[in-house]
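Protein chains in written order, with this note's numbering: chain S, 1236 to 1568; chain H, 13 to 511; chain E, -13 to 309. Quick reminder that beta carbons are idealized off the backbone N, C-alpha and C, glycines included. In this text, all values refer to a predicted model and were calculated from it rather than measured experimentally.
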Amino acid sequence: MSQAQPAAAPAPSPVRRFLLSTERRRIVYAWCAAVLLFVIGNVVRPGFAGFNSVQAVLVVASFVGLVAAGQTFVILIGGIDLSVPWVLNGAAILMVTSSLGQNDRAPLAIVLTLGAGALAGLVNGVGVALFGVPAVVMTLAMNGIMEGLTLGLSGGLTCQACASYAPPIVQAAVHGHLLGIPAALYLWLFIAIVVSVVLSLTTFGRSTYAIGNNARASYLAGVRVTASVVALYTLSGMFSALAGIMLVGFGGQAALGMGDPYLFQSIAAVVIGGVYILGGRGHYIGTVAGSISLVALISVLMAMNMPEYGRSIIYGVIILVLLLLYGREAGEP
Amino acid sequence: MAPAVEGIGLSRSFGGVKALANASFSARIGEVHALVGENGAGKSTMIKVLGGRIAPDSGTVRIKGQEVRLSGPTDAHALGAWTVFQELTLLPWMTVAENLLLAREPRGALGLIGRRRMAQDAEAMLAGLGIEHIDPLALIEDISLAERQIVEIVRAISHEPDILFLDEPTSSLVEREVAWLFGQIRRLRARQTAVVFTSHRWNEIQSIADRITIFRGGEHVGTFTEINEDEAVTLMTGQRVDTLYPPVPKLPSPAPAMRVEKLAGPRLQGASFTLHKGEVLGIGGLAGHGHRELFFMLFGAERAASGTVSVGGREVRIRSPRDAVRRGVGLALVPEDRKTEGLLLAMSVRDNLTLSVLRRLSAGGLLRQAAERRMAQDMVARLKVRTPGIANPVGGLSGGNQQKVLVGRWLLAEPQILLFYDVTRGVDIATKHEIYELMLRLAAEGRSILFYSSDAEELAHLCHRVLVLREGRIAAELTPPGITAEQIVSAAVRDSLAA
Amino acid sequence: MRRSRWTHALSQNAGLALAFAMLLASLIIYCVIYYATQQRFPGGFEITTTVNNTMPLALAAIAQTMVVLTRGIDLSVGGAVDLTNALAAVHLGTTLGSTVLWSVLILLVGAACGLVNGLLVALGRLQPILVTLATLSIFQGIAIRVLPQPGGQVPQEYTNILANPMGPWSLIYIVLLALFWAAFRRTRLGVGVYAIGNDEAAAQSNGIDVRRTKILAYMLGGTFSAAAGLFLAATSTAGDATTGNGYTLTSIVAVVLGGVSLFGGRGSASGAMMGAFVTTMIVNILFFAHIDPLYQAFYEGLFLIIAVLLAGGIGRFMRRRAA
């Protein structure tokens, strides 16, 4: 067609150009929200934005962030992982029962636990990709399966080994400091870099976005859709297990129900971080910001002595407000 | 007397592409008005605007002389204007009766819908228009495409419209059903209804239209009461036919590139043929007769029930597109619907171009960014893709440029055999011409092309040979000088094959 | 070749037929295992407890069906059950007047919960899964505010009416609900709900007010969640602001077992109620088969996957035969 192309607009400044993409803008918003919450927290309770307090918030955020890494993967392909609570909880219990709190058993226990998480994720992926079970149903069923197995095999956490503590080495990996910064944060930073590199710079990451955008077109272009989907669910299971290991390292012991908050929080972190719930767009760096904002918010509310019910209401309202803001901005259904 | 419906100076863009550019159209009371033009000329957009499906960016719509603002099809319905859109609007998991009577169901005691009465009403409605073979209790997903088209038409007619828009109503109908439709249209015309329809079949247009309006590139070219096909085609394409199609290179001595033996599966009843090196082999026929299945089976995207495929003299098993793409087979499929089956609209031009060759760009899993960028830039330059940059989302490009990106993706994969499935659909003339040239250049390089087109002219002008599929079988093989659009169409339609 | 009404009805309701088959199978297995372990068949007491225990889930499943039919999903069902259950325990009181008044008010609260969801989904054009995830948190918060500790009281007469422990009178409600659904399916609103689930754009262009229909579907869903909360309060004779949580997931399970398509437009609330009963029967079977109750969730999860695969397999099989 011979329509005249619109005259080239004057080149925008680099900052403006960066912010032109809505997904990048959302990431910036998420980081601004995190900073803002620390500022508000500092007003409510002076010292909240201090070095130690920020560290404490970040350590707790790292657990959410790890689970949310897996959730980011599956949401990027338009799926969802509802099996987080009991994969995490099962992993935590498997960690203490297989290591019995002994350092020399720890490496094997960690491998075993991550493997179990990966296996649960693998089954999810096979169900979704090969058998066409809707992700909501498959991962919901897997959550039940893991709950039953965990409770049944541990006798409802009454087994002798269940009372074991996490091996000191695992506890140190969460609590220990290196150059004045908790070890858990190094781990999170490492994971964040790996996940971001995988998503942005590898063929696997490119396939992930492609599938999330249009699975049919990707298949017709020769992308390995089934294998990628299975791999992504497997990774999600493994990240839940990793968070379980970190949590027993943090708390010392496993408990029943310790995974429950992480379903809501991981999805919320992904959404706050600007990942599209229908898939195809978003970055882990946004999810990291989402995790920090969410945990900072919880901490601020606790600092304000907000009772549980108030916190619950406020999470919900904030998610809705963010959804309305994002929805308005993107102007898409 | 005021026209029944009028669009004045209408413009509408989609993602920066002008589908309608200050276009006008009007239809009189009691006339049958054909709206013709190439794919992408703006016919469907005009009908959607007049039917209330989409709002124009600028311009006015008048119905029965009154200026109106339609915020949805229901507004148009209230004014007596009903539309059968090209994309059917039937509800797949509901019955024919429920669809026919949607939002006007007969209600009995307690205001509840009477199921039995609904079935009877639907049956009567179909019978009243001479349709006996459609079961009102069948689900839409269980009836054929042609039957769905008829149900959609019956629903519109049953509202006794003053203005009726039919967008490609005959695309999936056979001759007998077309005759039924034209009978209905004549009846409506006698009742002073204005009927506006679009079609690609010239004999249909001439047999029923009182006036013909030609669109090109989103603009109104002219309205005629009398015009012959050649003049019309020239006006539609804006180019003389002999300059639109580049000359077909001579086929070297035939050497088989791909041999297909008795390939069968859903809708395909056993097709055997050989595709030669450097050949453009056309596949013609009406939609729904197994073309799509043939292409998708060859590419491994649909399961074949039986049959064999050999490439380069060796039998190959292709069970997924991934098998088809791999070295040694070297197939590429450019599908019909680039938006749902081809492109990742939200992703960049670069991402779309390199999607099929990611493995070649990978160094231990990491993408070689610089190489990828170079590869994408070269292809953009080679195909003259008009885009602000390779990082821009492909969804923002015009239809023609999107199609070029899709073709470019497959050129990067360096295939030996290209399956082009209706690639020029919804593409502007200039790009069409470029695609034709590219196709013939690829053939001259010794690659083989299997080319399906819904446009018989295209096949006639670009192919070395044409196979016509009818009801899943190869009904005719046309070779020069016997390849003409008329021959292709008549081979595709059984009823007129008596000669 | 025209098929009879009944052939059509059967082939077009394969999901419902499958749900019924599963219900029948689970009942038979239950009776067999019961007889094997107890040397007698289950009697009035067993039937009564099963029915009374299933009523809240059956209602929650209808709530979920309403939303799933429009191609949505309602994760806030559990929150709405919590909230209404808590309100019931605190406010029903002892006088007839207050009981009736508060029952109506609580149903209205449920409708209001649904209204919030519906407005956000239909007018805010947000994803149902995210909206209801957020409102789940909000409803749960309010529920805990209303009833911070488990407790409160439900009058005995109330329990007798909704969940009579002396006999399976609640089966009457099941019949009434099935009748309600048959009627609902024959209203313009009901047809609209199905039409939206089939194809929203097509429904819109055929004169269905999509926004209004969606909002009403969510509101009706909320009302059924509230009814579930009331029945839950009646069976447990007291309130707890957290026991309702489980209904989000179990209602989805019941809906899937009941043959309602998660992609919208297909299925019925009657099927979902059957799905709810199948869920309860599985728990009963596991109990009488002396399977460690700790493993209960495992078998439920396993069964859910098997049922979905089975339903998909049968669907494909029927399609192939039809083709």
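If we call anything under 7 Å between Cβ atoms a contact, is Phe1605 (chain S) one with Leu4 (chain E)? Residue 1605 (chain S) falls outside the range modelled here, since chain S spans only 1236 to 1568, and no answer is possible.
Write down the C-beta distance between Phe194 (chain H) and Lys55 (chain H) rounded to the nearest angstrom, noting that I regard them as a contact closer than 8 Å. One-based indexing of the second sequence puts residue 194 (chain H) at position 182. One-based indexing of the second sequence puts residue 55 (chain H) at position 43. With 8 Å as the limit, Phe194 (chain H) and Lys55 (chain H) do not qualify as a contact, their Cβ atoms being about 19 Å apart.
With which residues is Val73 (chain H) paired in a DSSP beta bridge? The residue labelled residue 73 (chain H) in the question sits at position 61 within the second sequence. According to DSSP, which records beta bridges pairwise, Val73 (chain H) is partnered with H:Gly19, H:Val80.
Any beta carbon from chain E within less than 7 Å of Leu452 (chain H)'s own beta carbon? Here residue 452 (chain H) is taken as the residue at index 440 of the second sequence, counted from 1. No, Leu452 (chain H) lies away from the interface with chain E (no Cβ there is under 7 Å from its Cβ).
Using a beta-carbon distance below 7 Å, is Ser191 (chain E) in contact with chain H? Residue mapping note: residue 191 (chain E) aligns to position 205 of the third sequence, counting from 1. Closer than 7 Å to some Cβ of chain H, the Cβ of Ser191 (chain E) qualifies, so yes.
Examine chain H for any beta-carbon lying closer than 7 Å to the beta-carbon of His77 (chain E), and answer yes or no. If you number the third sequence from 1, residue 77 (chain E) lands on position 91. Answer no: the Cβ-Cβ gap between His77 (chain E) and chain H never drops below 7 Å.
Would you say Leu45 (chain E) and Phe210 (chain E) are within 7 Å of each other, going by their C-beta atoms? Working through the third sequence from its first residue, we reach residue 45 (chain E) at position 59. Working through the third sequence from its first residue, we reach residue 210 (chain E) at position 224. Against a cut-off of 7 Å, the Cβ pair of Phe210 (chain E) and Leu45 (chain E) comes out as a contact.
Between the segment 323 to 355 of chain H and chain S, which residues of the former have a C-beta closer than 7 Å to a C-beta of the latter? Pro333, Arg334, Val337, Leu345, Pro347, Thr352, Glu353, Gly354, Leu355
If we call anything under 7 Å between Cβ atoms a contact, is Gly1 (chain E) one with Ala75 (chain E)? Taking the third sequence and counting its residues from 1, one reaches residue 1 (chain E) at position 15. Taking the third sequence and counting its residues from 1, one reaches residue 75 (chain E) at position 89. No; because the gap between Cβ atoms is not below 7 Å, this pair is not in contact.
Identify each residue in the segment 1306 to 1321 of chain S for which the Cβ-Cβ distance to at least one residue of chain E is less than 7 Å, and report them in chain order. Result list empty, no residue passes.
If we ignore side chains and look at the alpha-carbon of each, how far apart do Thr72 (chain H) and Thr57 (chain H) end up? One-based indexing of the second sequence puts residue 72 (chain H) at position 60. One-based indexing of the second sequence puts residue 57 (chain H) at position 45. Using only the alpha carbons, I get a separation of about 14 Å.
For Thr1437 (chain S), return the contacting residues in chain H, with the cut-off set at a CB-CB distance below 8 Å. Here residue 1437 (chain S) is taken as the residue at index 202 of the first sequence, counted from 1. Ordered by position in chain H, the residues that pass the 8 Å Cβ test against Thr1437 (chain S) are Ser374, Gly377, Leu378, Leu379.
With respect to the beta strand (DSSP E) encompassing Phe463 (chain H), which residues constitute its N-terminal and C-terminal limits? Indexing the second sequence from 1 puts residue 463 (chain H) at position 451. Looking at the DSSP string, the run of the beta strand (DSSP E) that includes Phe463 (chain H) is 460 to 464.
Check Asn1338 (chain S) in the structure and name its three-state DSSP category. Counting from 1 along the first sequence, the entry for residue 1338 (chain S) is found at position 103. Reduced to three states, the DSSP call for Asn1338 (chain S) is helix.
For Gly84 (chain H), the nearest candidate out of H:Lys76, H:Trp94, H:Ile66 (CA to CA): Residue 84 (chain H) sits at position 72 when you count from the first residue of the second sequence. Measuring from the Cα of Gly84 (chain H), the nearest candidate turns out to be H:Ile66.
Any residues in the segment 301 to 314 of chain H with a beta carbon nearer than 7 Å to a beta carbon of chain E? Which ones, in chain order? none
Would you identify the three-state DSSP class for Pro405 (chain H), choosing helix, strand or coil? The residue labelled residue 405 (chain H) in the question sits at position 393 within the second sequence. DSSP places Pro405 (chain H) in strand when its eight states are reduced to three.
Would you identify the three-state DSSP class for Met259 (chain E), choosing helix, strand or coil? For the purposes of this step, residue 259 (chain E) is taken as residue 273 along the third sequence, with counting starting at 1. Residue state, collapsed to three classes: helix.
Please return the same chain residues whose Cβ sits closer than 8 Å to the Cβ of Thr1348 (chain S), not counting the five positions on each side in sequence. Within the first sequence, residue 1348 (chain S) is the residue found at index 113, counting from 1. Same-chain partners within the cutoff: Ala1326, Leu1329, Met1330, Ser1333, Ala1476, Gly1479, Ile1480.
Hey, how far is the Cα of Leu290 (chain E) from the Cα of Arg339 (chain H)? As a first step, residue 290 (chain E) is located in the third sequence; it is residue number 304 there, counting from the start. As a first step, residue 339 (chain H) is located in the second sequence; it is residue number 327 there, counting from the start. Distance between the alpha carbons of Leu290 (chain E) and Arg339 (chain H): 42 Å.
Give me the chain B residues within the contact set of Val1552 (chain S), using Cβ-Cβ distance strictly less than 7 Å, ordered along the chain. No chain B appears in this structure, whose protein chains are S, H and E.
Kindly confirm or deny that the segment 356 to 369 of chain H and the segment 1453 to 1460 of chain S touch, where touching means at least three C-beta pairs closer than 8 Å. yes
Compare the C-beta of Val1505 (chain S) with all C-beta atoms of chain E and state if any pair is closer than 7 Å. As a position in the first sequence, residue 1505 (chain S) is number 270, starting the count at 1. For Val1505 (chain S), the answer is no, since every Cβ of chain E falls outside 7 Å of its Cβ.
If you draw a straight line from the alpha carbon of Leu157 (chain H) to that of Leu185 (chain H), how long is it in whole angstroms? Position 145 of the second sequence, counted from the first residue, corresponds to residue 157 (chain H). Position 173 of the second sequence, counted from the first residue, corresponds to residue 185 (chain H). Roughly 8 Å between the two C-alpha positions.
With DSSP as the reference, label His145 (chain H) as helix, strand or coil. The residue you call residue 145 (chain H) lines up with position 133 of the second sequence. His145 (chain H): coil per DSSP, three-state reduction.
In the structure shown, what three-state DSSP assignment does Glu353 (chain H) receive? In the second sequence, the residue the question calls residue 353 (chain H) occupies position 341. Helix.
Chain E contacts from the segment 1366 to 1379 of chain S (Cβ-Cβ distance under 9 Å): For the segment 1366 to 1379 of chain S, the set of residues with a beta-carbon nearer than 9 Å to any beta-carbon of chain E comprises Phe1366, Gly1367, Val1368, Pro1369, Val1371, Val1372, Met1373, Leu1375, Ala1376, Met1377, Asn1378, Gly1379, in chain order.
Please return the same chain residues whose Cβ sits closer than 6 Å to the Cβ of Ala1489 (chain S), not counting the five positions on each side in sequence. On the first sequence, residue 1489 (chain S) is found 254 positions in, with the first residue counted as 1. Correct list, in chain order: Ala1327, Ile1328, Val1331, Val1483.
Could you tell me which of E:Thr51, E:Gly230, E:Pro136, E:Gly79 sits nearest to Ala203 (chain E), measuring between CA atoms? Here residue 203 (chain E) refers to the residue found at position 217 of the third sequence. Cα-wise, what sits closest to Ala203 (chain E) is E:Thr51.
Since I believe Arg57 (chain E) is in contact with Gly183 (chain E) (beta carbons under 8 Å), could you give me their beta-carbon distance rounded to a whole number of angstroms? For the purposes of this step, residue 183 (chain E) is taken as residue 197 along the third sequence, with counting starting at 1. For the purposes of this step, residue 57 (chain E) is taken as residue 71 along the third sequence, with counting starting at 1. That pair is a contact at about 5 Å.
For Met270 (chain H), name the three-state secondary structure that DSSP assigns. In the second sequence, the residue the question calls residue 270 (chain H) occupies position 258. Looking at Met270 (chain H) - three-state DSSP - the assignment turns out to be strand.
In the DSSP assignment, find the beta strand (DSSP E) that holds Val1309 (chain S) and state where it starts and stops. As a working note, residue 1309 (chain S) is residue 74 in the first sequence. No beta strand (DSSP E) contains Val1309 (chain S), which is instead part of the alpha helix (DSSP H) from 1286 to 1311.
Distance between Ala258 (chain E) and Arg116 (chain H) (C-alpha atoms, nearest Å): Sequence index remark: in the second sequence, residue 116 (chain H) carries index 104 (1-based). Sequence index remark: in the third sequence, residue 258 (chain E) carries index 272 (1-based). Whole-angstrom Cα-Cα distance: 28 Å.
I want to see whether chain E comes within less than 7 Å of Pro85 (chain H), judged by CB atoms only; does it? One-based indexing of the second sequence puts residue 85 (chain H) at position 73. Yes, contact with chain E.
Close-in-space but distant-in-sequence residues of the same chain around Tyr1497 (chain S) (CB under 8 Å, 5 per side omitted): On the first sequence, residue 1497 (chain S) is found 262 positions in, with the first residue counted as 1. Phe1298, Val1299, Val1302, Val1319, Pro1320, Leu1323, Ser1475, Ala1478.
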